[in-house]
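Encoded as structure tokens, the structure appears first; notes follow it.
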Amino acid sequence: MKFNGSLLAFLAVTLLFGSRTILAQSSNAPRQLSLEAVYQRIQDHHPVALQAALLERQAEAKLRAARGAFDPKAYAEWQQKSFKGTEYYTFSESGLKIPTWYGLELKGSYKTARGTYVNPENGLPAVGQAVVGVKASALRGLFIDERRATLQQAKLMQARNEAEQKILLNELKWESARAYWEWWAAYQQWQVYQRALENARERQFAIVESFIQGDKPAIDTLESFVQVQNRTLEVQQAELDFRKAGLQLANYLWEEGEIPLELDMTTLPDTLFRVNEQLPFELAEILPNLQDIHPELRQYQIKISELEIDRRLAAEQLKPRLDLEYNFLGNGFDLNYQSSNDAAISNLITENYKIGLSFEMPLFLRKERGKLAQADLKLLDAGYGLQQKRLSINNKILSYFAEWETTRDQLNLYQQTVANYQRLLDAELRKFSIGESSIFLINSRENKLIDAELKLIKLQATLPKLEAGVQWAAGRLVI
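Take the sequence shown: its position 149, counted from the start at 1, is 1409 in our numbering, and no numbers get skipped.
See below:
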């Protein structure tokens, strides 16, 4: 009886401390964190997501700068030369230049010129002269020029940066989904070991009681106690794995103000989650439209559009440069001076004007033809890249989908396997209660059940992870 009393006292102390540990862990009310909440925190507060949001502002700034090339420009010039008390000349000019989208440049100015040695060709009326003119490119630059090409590419940059933003968020959500389901699985495994520990303790109490009554040998009490020790170690390891998985998930959790969020042991994954055995979309609807919805393919398309603009600009350089300029000249601000009303328009066009023409054309066009060939090769290269990227994404989607289907079937099968292992354990417990089994056989049955439950949990976590993988591969995690 002395041995029995010592054993019972030791067991009582062990169970007491174990109970205190469990109570200490559950002293705070748990909070649940769903995958949707993780996605929302990433969208709102993650630094990478905030960096991605800057891409839109960068594109807006570049577009504003490109539009600035078409801003009207006011200008003013003033020159004077005086020597030994003689005013050689004083020139002044102020005006406004207005570039337009169609390659025309409108100009309005006012000039004055006076002095002893003013060149006659620079002479102006005493009251000054208003000038209204237009400058146009008749050949090269008629359909596209550097300013228009830059503006068109700046508009495309908005779409390209939007696609880049979606790529970053798609990747970030995929990484966080994997971390979340690892965390979820670690919690479920921890719960399995905790239940196993509780069952081992209950059996230990029952075996000790049977031993006291003389129904069980002392060796059974020792074996049950060793099992409690093993289960305790497994619970501690599972708890550590849960903590480590939570730290991995915390890499994606931020609060307002770019403050990292720490996950404590009272924050738990969604315990109401049920495995979805149907994808939220049909592959037949996605695969034909990949080029329109996948951000990486959109990037390739936009890149090709940018290269097409470069090619148009390079092809435009093959044309000769022919610039025409026509200016209406006035007496002061009067553009119809010394003319009757009937002849006002005629005099304005045929008499009071200044006209100019400039022509230029390289004889061999080697520079221009070389740039056009480079543009063609870049377009060809981008087209090949788009084809390869489309095939790669298509196969990646099919690969994840095939793995998802297989995992779904394995999950359905293994749910039945776990149920069968549970029946075997229940039957062994009934045999043990009537003395036809042993604690060794019960532990063996329970170990197999636990292994099966852990594998089932892995499958349950893998299935939604693969669902997220299909959506990630299709670029749909940001839709």
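Glycine residues also receive a C-beta, built at the ideal position from the N, C-alpha and C atoms.
Contact defined as beta carbons within less than 8 Å: I believe residue 1326 pairs with residue 1414. What is the distance between those atoms, to the nearest angstrom?
As a first step, residue 1326 must be located in the sequence shown, where it is residue number 66. As a first step, residue 1414 must be located in the sequence shown, where it is residue number 154. Indeed, because the Cβ distance is near 4 Å, the residues count as touching under 8 Å.
Exposure of residue 1536, with buried meaning 16 or more beta-carbon neighbours within 10 Å:
Residue mapping note: residue 1536 aligns to position 276 of the sequence shown, counting from 1. Label assigned to residue 1536: exposed.
So that I know if they touch, is there some Cβ in chain C lying closer than 8 Å to that of residue 1328?
Of the protein chains in this structure there is only one, and it is not chain C.
As an exercise, report each continuous beta strand (DSSP E) stretch of at least 3 residues that is fully enclosed by the stretch 1493 to 1566, in chain order.
Listed in chain order, the complete beta strand (DSSP E) runs (minimum 3 residues) inside the stretch 1493 to 1566 are 1527 to 1529.
Check for me: the alpha helix (DSSP H) holding residue 1311 runs from which residue to which?
Looking up residue 1311 in the sequence shown gives position 51. Its alpha helix (DSSP H) spans residues 1307 to 1327.
My guess is that residue 1578 and residue 1619 are in contact by the Cβ rule of under 8 Å, so how many angstroms apart are they, rounded?
Translated into the one-based positions of the sequence shown, residue 1578 becomes position 318. Translated into the one-based positions of the sequence shown, residue 1619 becomes position 359. Between residue 1578 and residue 1619 a beta carbon distance of about 15 Å is seen, past the 8 Å cut, so the two are scored as non-contacting.
Residue from 1677, 1373, 1736, 1389 whose Cα sits closest to the Cα of residue 1348
If you number the sequence shown from 1, residue 1348 lands on position 88. The shortest Cα separation from residue 1348 among 1677, 1373, 1736, 1389 belongs to 1373.
Answer yes or no: do residue 1666 and residue 1290 have a C-beta to C-beta separation smaller than 8 Å?
If you number the sequence shown from 1, residue 1666 lands on position 406. If you number the sequence shown from 1, residue 1290 lands on position 30. No.
Do you know offhand how far residue 1654's Cα is from residue 1679's?
Locating residue 1654 in the sequence shown gives position 394, counting from the first residue. Locating residue 1679 in the sequence shown gives position 419, counting from the first residue. The alpha-carbon atoms of residue 1654 and residue 1679 are separated by roughly 38 Å.
So does the stretch 1550 to 1560 actually touch the stretch 1641 to 1658, counting three or more Cβ pairs closer than 8 Å?
Yes, they touch.
Alpha carbon to alpha carbon, what distance is there between residue 1410 and residue 1298?
Taking the first residue of the sequence shown as 1, we reach residue 1298 at position 38. Taking the first residue of the sequence shown as 1, we reach residue 1410 at position 150. In this structure, the CA atom of residue 1298 is about 40 Å from the CA atom of residue 1410.
CB-CB under 8 Å to residue 1376, same chain, minus the five flanking residues each way: which ones, in chain order?
As a working mapping, residue 1376 is identified with position 116 in the sequence shown. Excluding sequence positions up to five before and after residue 1376, its CB lies within less than 8 Å of the CB of 1346, 1347, 1348, 1349, all in the same chain and listed in chain order.
Give me the Cα-Cα distance between residue 1637 and residue 1556, rounded to the nearest whole angstrom.
Position 377 of the sequence shown holds residue 1637. Position 296 of the sequence shown holds residue 1556. Computed Cα separation, rounded: 21 Å.
If contact is defined by three or more beta carbon pairs under 8 Å, each pair taking one atom from either stretch, is the stretch 1720 to 1739 in contact with the stretch 1431 to 1445?
Yes, the stretch 1431 to 1445 is in contact with the stretch 1720 to 1739.
Which partner residues of residue 1335 appear in the DSSP bridge assignment?
Locating residue 1335 in the sequence shown gives position 75, counting from the first residue. BP columns for residue 1335 point to 1355.
Length of the line joining the Cα atoms of residue 1333 and residue 1400:
Position 73 of the sequence shown, counted from the first residue, corresponds to residue 1333. Position 140 of the sequence shown, counted from the first residue, corresponds to residue 1400. The straight-line gap from Cα to Cα measures roughly 23 Å.
Sequence-distant residues of its chain with Cβ nearer than 7 Å to residue 1430 (five each side left out)
Walking along the sequence shown from the start, residue 1430 turns up at place 170. 1555, 1732, 1735, 1737, 1738, listed in sequence order.
Where do the N-terminal and C-terminal ends of the beta strand (DSSP E) with residue 1615 fall, by residue?
As a working mapping, residue 1615 is identified with position 355 in the sequence shown. From DSSP, the beta strand (DSSP E) with residue 1615 extends over 1613 to 1620.
CA-to-CA distance, residue 1566 to residue 1417, given in whole angstroms
Translated into the one-based positions of the sequence shown, residue 1417 becomes position 157. Translated into the one-based positions of the sequence shown, residue 1566 becomes position 306. Take the alpha-carbon of residue 1417 and the one of residue 1566: they are about 9 Å apart.
For residue 1664, collect the residues of the same chain with a Cβ closer than 8 Å to its Cβ; drop the 5 residues on either side in sequence, then sort them by chain order.
For the purposes of this step, residue 1664 is identified with residue 404 of the sequence shown, where counting begins at 1. Hits under 8 Å: 1539, 1723, 1726, 1727, 1729, 1730.
Please identify the residue among 1321, 1463, 1715 whose C-alpha is closest to the C-alpha of residue 1689.
In the sequence shown, counting from the first residue as 1, residue 1689 sits at position 429. Among 1321, 1463, 1715, the Cα nearest to that of residue 1689 belongs to 1463.
Hey, residue 1673 and residue 1720: beta-carbon distance below 8 Å or not?
Position 413 of the sequence shown, counted from the first residue, corresponds to residue 1673. Position 460 of the sequence shown, counted from the first residue, corresponds to residue 1720. Contact flag unset, no.
Would residue 1439 and residue 1509 be called neighbours here (beta carbons separated by less than 8 Å)?
Along the sequence shown, read from residue 1 onward, the residue named residue 1439 stands at position 179. Along the sequence shown, read from residue 1 onward, the residue named residue 1509 stands at position 249. The answer is yes: Cβ separation under 8 Å.
For residue 1747, count the other beta carbons within 10 Å of its own beta carbon; 16 or more makes it buried, fewer makes it exposed. Which is it?
No statement about residue 1747 is possible, as the shown extent of the chain runs from 1261 to 1739 and does not include it.
Evaluate residue 1286 with the Cβ neighbour count: other Cβ atoms within 10 Å of its Cβ, from every protein chain shown; 16 or more gives buried, anything less gives exposed.
Locating residue 1286 in the sequence shown gives position 26, counting from the first residue. Any reading at residue 1286 needs caution, since the residue's pLDDT is 43, under 50, leaving its predicted position unreliable; the model's value is listed next. By the neighbour-count rule (16 or more Cβ atoms within 10 Å), residue 1286 is not buried but exposed.
Whose C-alpha, out of 1403, 1391, 1502, is nearest the C-alpha of residue 1569?
Numbered from 1 along the sequence shown, position 309 holds the residue referred to as residue 1569. Ranking the options by Cα distance to residue 1569, first place goes to 1403.
With C-beta atoms as the reference, is residue 1367 less than 8 Å away from residue 1389?
Locating residue 1367 in the sequence shown gives position 107, where the first residue counts as 1. Locating residue 1389 in the sequence shown gives position 129, where the first residue counts as 1. Not in contact: residue 1367 and residue 1389 (Cβ atoms no closer than 8 Å).
Taking all protein chains shown into account, do 16 or more other C-beta atoms lie within 10 angstroms of the C-beta of residue 1363, making it buried, or fewer, making it exposed?
Indexing the sequence shown from 1 puts residue 1363 at position 103. Under this definition residue 1363 is a buried residue.
Residue 1569 Cβ short of 7 Å to the ligand FAD heavy atom set:
No copy of the ligand FAD appears in this structure; indeed no ligand is present at all.
Member of 1575, 1441, 1470 whose CA lies at the smallest distance from the CA of residue 1694:
Numbered from its first residue, the sequence shown carries residue 1694 at position 434. By alpha-carbon distance to residue 1694, the top candidate from 1575, 1441, 1470 is 1470.
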